[in-house]
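Chains P and X supply the protein sequences, listed in that same order. Per UniProt numbering, the very first residue in the first sequence carries number 1; after that it's consecutive. Per UniProt numbering, the very first residue in the second sequence carries number 1; after that it's consecutive.
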Amino acid sequence: MQTTTTALLEMQSIGKRFGAVQALDGFAMDVEPGEFVTVVGPSGCGKSTLFNIVAGLEEPDEGGILRFKGRGCHAKELLGRVSFMPQRDLLLPWRNVVDNAILAREIEGANRAAMRAEARAMLPEFGLAGFEKQYPHQLSGGMRQRVALMRTFLFERELMLLDEPFGALDALTRSMMQRWLLDIWQRHRRTILFITHDVDEAIFLGDRVLVMTARPGRVKLMRKVELPRPRKAELVTSPEFTAIKREVLDAIEEEAMKSFVAETAA
Amino acid sequence: MKASLRLAGGLLLAGLIWEGAVVVFGIRQSTLPRLTEVLAAIAATPGAYWSGFLRTAIETLIGFAAGTVVGVANGLIFFRAPILRDMLLPIFVVSQTIPVIAFGALVVMWFGNTLMAKAVIAFYLTFFPVTVNTLLGLHSVDPRQVALLRSFGATGRQILFRLQLPMALPQIFVALRLGASLSLVGAIVGEWFGDTTGIGVLLLQAMYNENVIAVWAAILCAAVLGTGFYALVALAERRIVFWGAEQ
């Protein structure tokens, strides 16, 4: 096998079976450095399994190819090499904003005082200025999510995995957070893999939108989003946006229908 | 501040009702003496009550502290080594179903009429709930939280000390509050097997002398000690587990 590609992450014929359930089967994709790839699909399509594999938490079944920075590797070798943000913020209730934000770096063995200073300097950018001493139970849902994002950003890894980070937020906060995330991403230039349920969100954020099939999860559609950046809120009503949305929605609906039929038949 | 004033008011009210009820209903002294008579008895020989109080307090504290340390250590060991848990935990359970009184004589034979003998009984009653709750707390940690720390590349040790043990603290404190009361019971029962000072000794002496006032005086001392100790543990809990049991 030759490895001349420049992709940061490569997956080929990745499968994962849990007992009787085939979560992923023949999954393949590449992620280029600096790219923002969004993943959508019907619920239970194996999105989380995909993320757990890339985060190093779950080993794919034999036979697949997983490459990170051009080198083939086991999933568990990715532990500590990608920065993973799960659906829930999972902040530690006994740590204040700054200490929660530096958790990943602290585990890595970074100097605490230096990390705290770095985190404090980042607070305004994450809309948390003045909140450094607050504890999670004193923060709103949107703020907690930003602390979790800050923890993910501070853990400087080339690849970031964001699993529905805005899923629990109300529509207004969510669209503000989306633009804010794009802003941050453009300045920090990381590679992002982003799971969402929301098609608008997927198109608005992504360079490419990946639509997954119903279980077992495979790639149904990989759609390049050639919308100019920086992206403004009004973009979502433009004809170009709507055309892509139509395409993505068709693909999702077809798959959602399949899993619906499969469930009702069972 | 406001709450403690109200509490003081409540205590005063309870005292007045006690005092008043004895007078109004003409209750005989041998059934229930007046509160002021009880307080007067303590004031008459404060030294005896104070040294008894202190002695029992020390026995309770030593037993409680040892029970906490051993209980948390047990919990950690059982959590990390399920084989040991399966081997030993059932034995612990059996040991706890034996009434502590049954061990009293044995403990006295081993340790004599020393302070240690009472502390051992207090310990015996404390370590088990702490063990069980530590284990429970460690197991109750959200697996997604563990997965997150693993994705950061955390070692098992880092996950234990940065996540699991702090997460288990609310559960551990439930056991500590229970242990605060149980360790006092252990210390007093221990004193019944032979000693010369302590609240338990005061109780026994009062009983043999059929001195109702002295019995109530000893009960009052035990109540102050028990409540005070419990309040201290609860205060520590509020300080340490300040985030409450959210999540």
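Ideal placement from N, C-alpha and C gives every residue a C-beta, glycine not left out.
**Request:** Out of X:226, X:195 and X:172, state which residue places its alpha-carbon closest to the alpha-carbon of residue 241 (chain X).
**Result:** As a first step, residue 241 (chain X) is located in the second sequence; it is residue number 241 there, counting from the start. Nearest C-alpha to residue 241 (chain X): X:172.
**Message:** Going by DSSP in three states, residue 275 (chain X) sits in which element: helix, strand or coil?
**Reply:** For chain X, the structure presents residues 1 to 247; residue 275 (chain X) sits outside this window and is missing.
**Item:** Backbone secondary structure at residue 27 (chain X) - three-state DSSP
**Value:** Here residue 27 (chain X) is taken as the residue at index 27 of the second sequence, counted from 1. Coil.
**Interface flag, residue 94 (chain P) vs chain X, CB-CB below 8 Å** = Counting from 1 along the first sequence, the entry for residue 94 (chain P) is found at position 94. With 8 Å as the cut-off, residue 94 (chain P) counts as an interface residue toward chain X.
**Request:** Could you spell out where the alpha helix (DSSP H) holding residue 126 (chain X) opens and where it closes?
**Result:** The count along the second sequence starts at 1 and reaches residue 126 (chain X) at position 126. Note, residue 126 (chain X): alpha helix (DSSP H), 115 to 139.
**Message:** Let's test the definition: count the other Cβ atoms within 10 Å of the Cβ of residue 166 (chain P) and tell me whether it reaches 16, buried, or not, exposed.
**Reply:** Here residue 166 (chain P) is taken as the residue at index 166 of the first sequence, counted from 1. Classification of residue 166 (chain P): buried, given that the 10 Å Cβ count is 16 or more.
**Assigned exposure category for residue 50 (chain X) - 16 Cβ within 10 Å defines buried** = Within the second sequence, numbered from 1, the residue matching residue 50 (chain X) stands at position 50. It counts as exposed.
**Asked** Under the DSSP definition of a beta bridge, which residues are partnered with residue 12 (chain P)?
**Response** Reading the first sequence from its first residue, position 12 is the one you call residue 12 (chain P). Its beta-bridge partners are P:65.
**Message:** Under 8 Å, CB to CB, which of the residues in the stretch 122 to 156 of chain X have a partner in chain P?
**Reply:** 142, 144, 145, 147, 148, 149, 150, 151, 152, 153 and 154
**Request:** Let me know if residue 22 (chain X) comes out buried or exposed under the rule of 16 or more other beta-carbons within 10 Å of its beta-carbon.
**Result:** Here residue 22 (chain X) is taken as the residue at index 22 of the second sequence, counted from 1. Answer is buried; the Cβ neighbour count reaches 16.
**Message:** Between the stretch 201 to 216 of chain P and the stretch 14 to 26 of chain P, can you find at least three pairs of beta-carbon atoms closer than 8 Å?
**Reply:** yes
**Request:** On the DSSP bridge assignment, give the partners of residue 38 (chain P) in chain order.
**Result:** Along the first sequence, one-based indexing puts residue 38 (chain P) at 38. DSSP output for residue 38 (chain P) lists P:194 and P:209 as bridge partner(s).
**Request:** Give a yes or no on whether the minimum CB-CB distance between residue 164 (chain X) and chain P is below 8 Å.
**Result:** For the purposes of this step, residue 164 (chain X) is identified with residue 164 of the second sequence, where counting begins at 1. So no, residue 164 (chain X) is outside the interface.
**Message:** Rounding to the nearest angstrom, what Cα-Cα distance links residue 227 (chain X) and residue 221 (chain X) in this structure?
**Reply:** Stepping through the second sequence from its first residue, residue 227 (chain X) is reached at position 227. Stepping through the second sequence from its first residue, residue 221 (chain X) is reached at position 221. When rounded, the distance between both Cα atoms is 10 Å.
**Asked** So, is the C-beta of residue 158 (chain X) closer than 8 Å to a C-beta in chain P?
**Response** Reading the second sequence from its first residue, position 158 is the one you call residue 158 (chain X). Residue 158 (chain X) counts as touching chain P.
**Prompt:** Does the beta carbon of residue 149 (chain P) come closer than 8 Å to any beta carbon on chain X?
**Reply:** In the first sequence, the residue the question calls residue 149 (chain P) occupies position 149. Answer no: the Cβ-Cβ gap between residue 149 (chain P) and chain X never drops below 8 Å.
**Item:** Boundaries (first-last residue) of the beta strand (DSSP E) holding residue 27 (chain P)
**Value:** The residue you call residue 27 (chain P) lines up with position 27 of the first sequence. Residue 27 (chain P) -> beta strand (DSSP E) spans 21 to 31.
**Request:** Round the Cβ separation of residue 233 (chain X) and residue 180 (chain X) to the nearest angstrom and send it over; I've been treating them as touching at under 8 Å.
**Result:** By one-based count along the second sequence, residue 233 (chain X) stands at place 233. By one-based count along the second sequence, residue 180 (chain X) stands at place 180. That belief holds up - the Cβ atoms of residue 233 (chain X) and residue 180 (chain X) are roughly 5 Å apart, short of 8 Å.
**Asked** Is the shortest distance between the beta-carbon of residue 110 (chain X) and the beta-carbons of chain P less than 8 Å?
**Response** Residue numbering aside, residue 110 (chain X) sits at position 110 when the second sequence is read from its first letter. Not an interface residue.
**Prompt:** Which residues share a DSSP beta bridge with residue 160 (chain P)?
**Reply:** Numbered from its first residue, the first sequence carries residue 160 (chain P) at position 160. P:83 and P:192, per the DSSP bridge assignment.
**Message:** Can you tell me where the beta strand (DSSP E) holding residue 220 (chain P) begins and where it ends?
**Reply:** Position 220 of the first sequence holds residue 220 (chain P). Taken as a continuous stretch (DSSP letters only), the beta strand (DSSP E) holding residue 220 (chain P) covers 219 to 224.
**Request:** Could you tell me whether the Cβ atoms of residue 250 (chain P) and residue 225 (chain P) are closer together than 8 Å?
**Result:** Residue 250 (chain P) sits at position 250 when you count from the first residue of the first sequence. Residue 225 (chain P) sits at position 225 when you count from the first residue of the first sequence. Not in contact: residue 250 (chain P) and residue 225 (chain P) (Cβ atoms no closer than 8 Å).
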